[in-house]
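As they're listed, the protein sequences go chains A and B. For what it's worth, the working numbering labels the leading residue of the first sequence as 29, then goes sequentially. For what it's worth, the working numbering labels the leading residue of the second sequence as 136, then goes sequentially. Notes to accompany the following structure.
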Amino acid sequence: MAFGSGGARVAESAKARIRRASLLRNEDFRLLLEQTSVGDIAVQLGKSAYAPMLKGHVLESMRRSELEFLLNVSILAEGVAFGHYTGLGDKRLLNLWLENFDVELLKNHFQTHMKTSEWGDHLDPGKMLDLVSDFRLTLVDQEKLSSSDTLKDILMSVRSESLRSAMMEAVPGGERALASWEGDLQRITFALGMILDRYYFDNLYAAVARLGGDEGRMMRMLVGTRVDLMNLYWIYRARRFFDKSPEEALTLIMKARYRLDFGLLTRAAFADPRAMAAALEGTPYARVFDARVENSEDGSGALKSEALKGEALYEVGVERNIYRFLFAVAERVFLSGALGFQNVAAYLVLKELEVRDLVAVVEMVRYGFDKNRIDLILVRTLGKEN
Amino acid sequence: MAVVGMTGISFVGPMEEVESVALALLKMENFEPMSPEVMMDAHPLGSRFQTFRGNRYDALLEKLDGFWASAGVAAPQCRVVDRVPPVSLSELEARVDEMMKTMSGWAARGEELRDEYETWRAMLEFGDVVRETGRSLATLALAPYGSLSIGTLTRENWRRLSEASLAAPILAMPLIDETKDASTDKTTVIVFYGNDYREEIQKIFSSVHMHLIPVGPEDYGQYDNRDAVLYRMEAIEAEMENYRDMPGRYATGNRFELEKLYEMVYTKQRIYSICQMRGELSEMAVLAGWTPRDNYDAVRAVAEETAPHTLVLAESGDELERKGHELPTLLRNLPLVRRFQEIVRLYSLPSYSELDPTFVVATSFCLFFGFMFGDVGHGVALILGTCFLEKKKMMGRAIASVMKIAGISAVLFGFLYGSVFGSEELIRPIWLSPMKDVNRILPVSIGVGVAFLTIGICFKIQNSVRKREWGEVFFSPEGVVGLAFYWLAVGQAAASFAAPETALGTGLFALIMGALFLIMIFGNGIAKLLLHGETVDEGGVVHVFSVFHAMLNFISNTASFVRLAAFALNHVGLSGAVFMLGQMVENVPGGKLYHAFVLLLGHLVIIGLEGMIVFIQTLRLEYYEFFGKFYRGGGRAFAPVLWRKGRAD
C-alpha cells in the first residue's frame, strides 16, 4: 500500500468514526417524539448535526415533505463530503455507492412523467443538485435528463449501454411507446425501477467482490447482506402481494449473491411466503422473516392485542427486521476497528437508517400515530427511558 | 496586463427589443449572462419579475441535430444574421415536431421490418436445426405434448431466464449465439415447455422482458422452404435499407427549407442562451450580464440603436463585488505573455479583485527554465521536438507555446554559458560557465530568489491595500514589517560575506530584528490599537505560530532557489556523463556506431527527462515559492456566449 493511499485510509476512517459520533442518540429521538408538529421537529433537528442542511430554511413552518427531502439530501451531502478524504480507488467506490441517488433520480423522473407519483416525498433533482453542488451524476447525463420529454429521451440519458438496452427492452411497444407516455405505465415504472435496482446492486457487489483483505471482507459483508436480504424480500413481496409464481419470482432477483445460493433462494421462493423463516432455517436471515417474535409486546413471542395481529404490522415488522439486520452489520464493521472504506460505507448505512427513523418519527407526529408503538417501527431500539 | 474590470448591465424593455439586444450582444461575443436578481435586488421592480432558467430552444436544436446525424449529413454552418427571426417558439416547435413525426414513422416502420427480419432469421436457424434431425418444421406443429416459444432478450435477462429454468419445468437454450458479437446485446432463445405450463411460462417471459417471435405452430410450414426464407430475408433487408436512407433523401430533397428552419432554430437558441436567465413581467423582460468595462460604451450604443424603448442600467463591477457578488475573471495580457496564462490557470485563475501575476510568471518562467537548462543545442532540440508533438496533436497549443518560449530561453542561456549539447568548448561563454564558476552562479541564484520573493511580498501588500486590510499591509510577516525583517536579514548576511566592514554591529542588528519580530508577534494588538479593531490574524497562539512559520518560510523559500544553480550544474554534469559513456564504447568493434547511438540516446534522455524535471522545478518555484506568498486564486473564468455553439458555453 502506497503511503498516500494509507494516509487517505486513515483520514476517511477517522472521519467516518467522528461522523458516527455525531449520529443522534436515543435521548434525541425521545425528545423528537415529544414534539407536537413537524416544525418543532425541524427546530430540534436544526440544533443537531442536521443544522448545515436545514440552515436558511424557516424551520418553524416547515412541511413534512420538505423536511423529509432535506433529510434524504443530507445523506448525499455527507457521502459527497467523504470524497475529499478518499484516495482514487475509494473515490470510485464512493461514486459507485452514491449512484444510488442517480437511481432514485431516474425513478422519480419516470414516476413524475408517468404521473404515477408526484415530487414531494422523493428527491427533486434540481433542488438536490443545488444543495449538493459537488455531486456529479455518473449513471445519467444530467443535461440530457433535465431536457428530456419522452421516455426515450430519459433512457437515452443513461450512460451505460447495457443498462439502457435492458431498460428499453422493458418497454413494450418499441419506438412508438418510447416516444409517448402510453401503455401500462404503472407496470413500466415498476419494471424500470427493478432493472435500475438490480443494476446498482449487481455493479456495487461486483466492485466490492474484487477488494482484498479486511476491507474486502467487510465490504462484501455490508453490501452482500443487503443484496441477500433484498433478493429474499423481493421474492417475498412478489409471492405475497403480486401473486407471482415461485419461478417468476426467481426471475426478479439480482445475480449478486453473498451467503444465499440459488438453491436456498429457490427454497425460499417455493415456500409459503408466511413460512419463509422456516425455509431459511439454518441461515442468519431466518429471524428477519419471523416478525411475530419481534412484534410481541413483551418480547415473549405472544401477540396479545388484536391490533398487533394485523397483516400490515407483520409487513412493517419484516421490513424493520431487515433494516435492523443491516444496522447490526454496519455496527459490526465499526467494532472491527480496521481501517478502510468499509468505515465510510458503514457510516453511510447508519446515516441512511437514521434518516429512515427520522422520517418515521416525522410521520408519526404529523399523522398523530400512537407513539407507544414507535419501537415496532424504528430501526433503533429506544427501549424504556431510565 | 491585468484582470479586466467588469461592468454589470441590465436591459429592461419589451421582449422583442430585448431579443434584438441579445442578438447584438451575441455578435459582440463579449457578454456573459447573469441572473437579473443580482442587479435588480434593490430596484422597486426587482421582486415583481418572474425569473427563468434554461433554454427551451435547446431541445429543438438537439432534435434537428439528431435529424442531420441520422440523414448522414453535417448540420449546416449558420452565419450570423442581422435580425431576430420573426417566428415564435410554438411555431418552430410545431414545424420541428411535424418533421420528427415523419422521422419517427420511418423509424417505427424500420423497427417493424427489423422485428420481421429477426423472426425470419430465427425461423431459418430453427428450421436448419430441425432439418438436421431429418424432420420438417411442419411436423413439429403436430406434436401434442408440448409447445415451444422463440424470442429475443438481452444477455442479462437470458441469464435470469436460464437460472429460473433450473427451478421451472422448462428447457431453455440459445438458438442464435450472439455472445461474440459486440455490436448486439441480444440473444435469441428457444424455450420448450409442457402445454399445461403455457400460462405460467407467459408470465416468466413477461418478467424477463422476452420479445416473443409471433409465429405459432400452425405457421411453421411456411418456413420449411429454406430458399423462400432466404429470399424473403433479402427482400426485407432491401426495404430496411430503403427506410434507413429515407432521412438522407428527405434532407437532399428539402435542403433549402431544412437549412432555413435550422438557421432560425439555431439563431433563436443562441439568442436564448444569452436570455436564459431573463426575468419577465407581463410584456416586459429584463436581461442582465457582465461585460468588460471598456466594452460598455459599445454595448450601450448598440442597445440605443437596436432597442430605443429599452432601459439600460449599469453598475461597476467593483461596486457589485463590494455587495458580495462573485464576478468573472478575464485576463488581458500581451500576446507572448498571454501564453503563460495557462500556467496561472493550471494553478487557479485569479479572483476578480486579485492581481494578475501572468507577466511576472512569464518572465520568471523563462529566466528559471533557461537558468537551469541553458544549452544552445538542447534548447533548439526542445523547440523542434515541441513543434513535432504539437503538429501530431500530442501536445496542446497552450503548453506547446510555453515550451517553445522556454526552449528559446534555454538557447539564450546556452550562449551565456557557452554550452552546446553540453560541450563548453564550441563557443565562448558570454557570461559564465556553470561548472567553472560555481562560486559566482550560486550567489546569483540566491539573489534571484531574494528578488523573486520580494516581488511576491510586494504583491501581497498590494492585494491587501486593494482590500483595505491595513493590519495585513503593515504588521503581517508578508507585510511591510515582514519585508523589512527579510531584507535586513538578507542585507546583513550579504554584507558579512562580501564586505564585513559594512555589516551592522551584532547588538544593533539583533535589536532591530528583535523589534521587528515583536511587532509581527504583537501585530494583532497593535492593529487593534491603531486601526480601530482590525486584526492581522486569528489571534493568540495561532498567530504566534504563523509568525514563526513565516520566518522559517523566509529561510526555506530563499534556500529553495539554490536549485537554479544546482540544476545548471547538473545539466553540465549529465552532458559530461553522456560524452564519457560515448567514449567508453568507441573502442569496441563498430564503436563509432555505438558512440553515435549512446550520444543520441543520452541527449534524448537529457532533453526529455531533464527537460521535464526542470519544467516541474520551474513550476514549483512559481507555485510554491512565489504564489505561496500572495496568491489565492479561485476565480471563475469570464464565459461570454458566442455565436458558434459549444465554443465557450
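By construction, the Cβ of each residue, glycine as well, lies at the ideal position given by its N, Cα and C atoms. This structure is a prediction, so every number in the text was calculated from the model and none was measured.
- Using a CB distance cut-off of 7 Å, Glu-96/A does not count as an interface residue toward chain B.
- Considered as a whole, the region 263-296 of chain A harbours 274-278 as its complete alpha helix (DSSP H) runs of no fewer than 4 residues, in chain order.
- Annotated three-state conformation of Ala-243/B is helix, per DSSP.
- Annotation: the region 61-139 of chain A contains the following complete segments of the alpha helix (DSSP H) (minimum length 4 residues), in chain order: 66-73, 79-82, 92-110.
- Bridge pairing for Trp-425/B: Gly-143/B, Glu-167/B [DSSP].
- Contact fails between the region 419-438 of chain B and the region 210-221 of chain B, because fewer than three Cβ pairs, one in each stretch, are under 8 Å apart.
- Pro-463/B is bridged by DSSP to Arg-771/B.
- Interface annotation, Thr-464/B: not in contact with chain A, CB-CB separation never under 7 Å.
- For the C-beta of Arg-601/B, not a single chain A residue is nearer than 7 Å; the gap to the nearest is close to 28 Å.
- Counting C-beta pairs with one atom in each stretch, the region 402-419 of chain B and the region 158-177 of chain B have three or more that are closer than 8 Å, which means they touch.
- Listed in chain order, the alpha helix (DSSP H) elements of length 4 or more contained wholly in the region 360-437 of chain B are 361-388, 390-409.
- Met-308/B: not part of any alpha helix (DSSP H); member of the beta strand (DSSP E) spanning 305-311, first to last residue.
- Secondary structure of His-346/B (DSSP, three-state): strand.
- Counting only residues of its own chain and dropping the five nearest sequence neighbours on each side, Leu-283/B has a CB closer than 7 Å to the CB of Ile-325, Val-326, Phe-327.
- In the three-state reduction of the DSSP assignment, Gly-281/B falls in the strand class.
- Annotation: Ala-366/A to Asp-572/B spans about 57 Å, alpha carbon to alpha carbon.
- When 7 Å is used as the limit between beta carbons, Asp-320/B is near these residues of chain A: Ser-190, Ser-193, in chain order.
- Residues of the region 350-365 of chain A whose Cβ lies closer than 9 Å to any Cβ of chain B: none.
- Your pair Gly-424/B and Phe-166/B checks out as a contact, with CB atoms roughly 5 Å apart and the cut at 8 Å.
- In terms of CA proximity to His-738/B, Phe-508/B leads the group Phe-508/B, Pro-349/B, Arg-295/B.
- Shown in chain order are the members of the region 288-308 of chain B whose Cβ falls below 9 Å from a Cβ of chain A: Leu-288, Thr-289, Arg-290, Glu-291, Asn-292, Arg-294, Arg-295, Leu-296, Glu-298, Ala-299, Ser-300, Leu-301, Ala-302, Ala-303, Pro-304, Ile-305.
- Closest by C-alpha distance to Arg-563/B, out of Phe-548/B, Leu-524/B, Ile-576/B, Leu-577/B, is Phe-548/B.
- Proximity of Val-343/B to chain A, defined by a Cβ-Cβ separation below 7 Å, is satisfied.
- When C-beta distances to chain B are compared with 8 Å, the residues of the region 261-280 of chain A below that value are Lys-272, Ser-273, Pro-274, Glu-275, Glu-276, Leu-278, Thr-279, Leu-280, in chain order.
- When DSSP reads this structure, Ile-325/B sits in a beta bridge with Ile-285/B, Met-308/B.
- Looking at the DSSP output, Ala-137/B bridges to Arg-467/B.
- At a Cβ-Cβ threshold of 7 Å, Leu-61/A and Gly-74/A do not count as neighbours.
- For Ala-314/A, no beta strand (DSSP E) encloses it, and the DSSP letter there is neither H nor E.
- According to DSSP, Gln-357/B shares a beta bridge with no other residue.
- In summary, Glu-132/A is buried, with 16 or more beta-carbon neighbours lying within 10 Å of its beta-carbon over all protein chains present.
- Under the three-state reduction of DSSP output, Pro-149/B falls in the strand class.
- By the criterion of at least three beta-carbon pairs nearer than 8 Å, the region 383-402 of chain A is not in contact with the region 459-472 of chain B.
- Taking the Cα positions, Leu-777/B is about 58 Å away from Asn-349/A.
- Neighbourhood of Thr-294/A in chain B, by CB distance below 9 Å: Leu-301, Ala-302, in chain order.
- Between Leu-213/A and Met-195/A, the beta carbon gap of about 14 Å keeps them out of contact (Cβ cut-off 8 Å).
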